[in-house]
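To start, the structure itself, in structure tokens.
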Amino acid sequence: MSDQLQALARLLQVPHLGPSDDAAIIAAAASLAHDLGFEVGTSADGLLVSVEAEAEGPTLVLASHLDTVPAGEGWTRPPHGGEIQDDILFGRGAVDARGACCAMLLALAAVKERGLPRGRVVVALSVGEEGDDPSLPRLLDRIGPIDAGVVGEPTAMRIALSQKGLMVIELVAKGQQGHAARITEPGAIELLAKDLIQLQYLSFPRHATLGRAKVTPTRFQAGIADNVTPPEARAILDVRSTPACDGPTIHATLCRSLKCDVRVLLDTWTPCETPADAPVVEAARRALPKAPLFGSDAASDWVFLMQRGIPAIKIGPGDNRWAHRPDERITRAELQAGIDGYISIIQEYCAEAEAGEIPQCAVG
């Protein structure tokens, strides 16, 4: 592929408003992979592209997602135009996370041309990560035994060894419905407000790289009429958990500390952490010796690798501050850094495998 920004622009020109657009972006990514010389396996869950050496060895999976959030408003350029200006590509998905998807495909093409010493490298590009039906678990089931993973999200090519989880909790307070001029008991809104204020006084254990778990109210619903106290009030909490304070621990703390009902609506995105001495971490550190190690505050598909016992890191091109924003963008240098970084990680991991230093986990 002669121009990496043009390759990514092909993907950014495909809008994604929801699951009905999955097929179009999967087809666009498959077309790009085909042009890069790959045999592509596609399904409604995404696509798989692989390079396998003659010599046996472990399987490394590079995983990212093709779906995006809707463009929204406030853009100064067409969000699906794939416009390039001064070596900057603009468009929804430029960093989250079609930039990583494109970089992974281009990196795998380079590895295919140079030759893989040992083992197998699979690029798995899924959909549903931004929605409520992530397809990566189903793609992983088709790969077979997996020894390590690299999750593509915008980290500016820093290496994430841990990430916070995401849990969604609903608080429900019950009160007496009545005429606002005559009611004497605390209403549901007052009861819920007291519990929301109580949240700021809760303390959770600190994780070495992720800090403390975070509980943030994001929605509030109550009311029947201006002069009626409602019988019920509800609030939604965005809960960011850590390996030091996971979802069940936070749920138990809220149940003990608050007076309203505490209901878990979502707890799919559990926190993740990979030991610093894991072979995939050591390979990444040799490949990118200047890359900082950090803990990521955002949940991702990493959780589905962790649930299978697969050690993984999160790393990808682009500045995550542009994710979900108008005028989302990535520079040529950022995308090239992603391509080069993925190539180096693959080479280091597979070179170590060639020396017999990476045990095959045989998990899947």
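The sequence shown begins at 814 in our numbering and counts up one residue at a time. Where is the CB? At the ideal position from N, CA and C, for every residue including glycine.
- The stretch 1033-1051 makes no contact with the stretch 1103-1110; the number of CB pairs closer than 8 angstroms stays below 3.
- For K987, there is no enclosing alpha helix (DSSP H); the enclosing beta strand (DSSP E) covers residues 978-987.
- For the options Q898, F903, I901, V936, the alpha carbon positioned closest to that of A846 is the one of V936.
- For S877, the closest C-alpha among the options P883, S1113, G1122, A1164 is that of S1113.
- At the C-beta level, G1129 and E966 come within 8 angstroms of one another.
- Per the coordinates, the alpha-carbon of P1030 lies some 18 angstroms from the alpha-carbon of W1082.
- By a beta-carbon distance limit of 8 angstroms, V853 does not contact A868. Their separation comes to about 24 angstroms.
- By the Cβ rule, the stretch 1000-1019 does not count as touching the stretch 967-981, because fewer than three pairs are nearer than 8 angstroms.
- The beta carbons of L984 and L1050 sit closer together than 8 angstroms.
- Excluding five sequence positions before and after Q1149, the CB atoms of its chain that fall closer than 7 angstroms to its own CB belong to Q817, given in chain order.
- Comparing alpha-carbon positions, the option among P950, A907, P1124 lying closest to V882 turns out to be A907.
- Proximity to Q1013 across R1025, A1021, D1132 peaks at R1025, based on C-alpha coordinates.
- Around the beta carbon of I1010, fewer than 16 other beta carbons lie within 10 angstroms, which makes this residue exposed.
- Here A923 has I1152, I1156 as same chain residues with Cβ atoms under 8 angstroms from its own Cβ, once five neighbours each way along the sequence are excluded.
- For the pair L824 and I838, the Cα-to-Cα distance works out to about 7 angstroms.
- Within the DSSP secondary-structure output, D1074 pairs in a beta bridge with V985.
- By the neighbour-count criterion, in which a residue is buried when 16 or more other Cβ atoms sit within 10 angstroms of its Cβ, T997 is exposed.
- Our two residues, D1132 and V964, have alpha carbons roughly 16 angstroms apart in a direct line.
- About 40 angstroms separates the CB atoms of C1163 and R890; that is not less than 8 angstroms, and the two are not in contact.
- About 4 angstroms separates the beta carbon of L1118 from that of G962, a gap short enough to meet the 8 angstroms contact definition.
- Look at A884 here: in three-state DSSP terms it is coil, with no helix or strand label.
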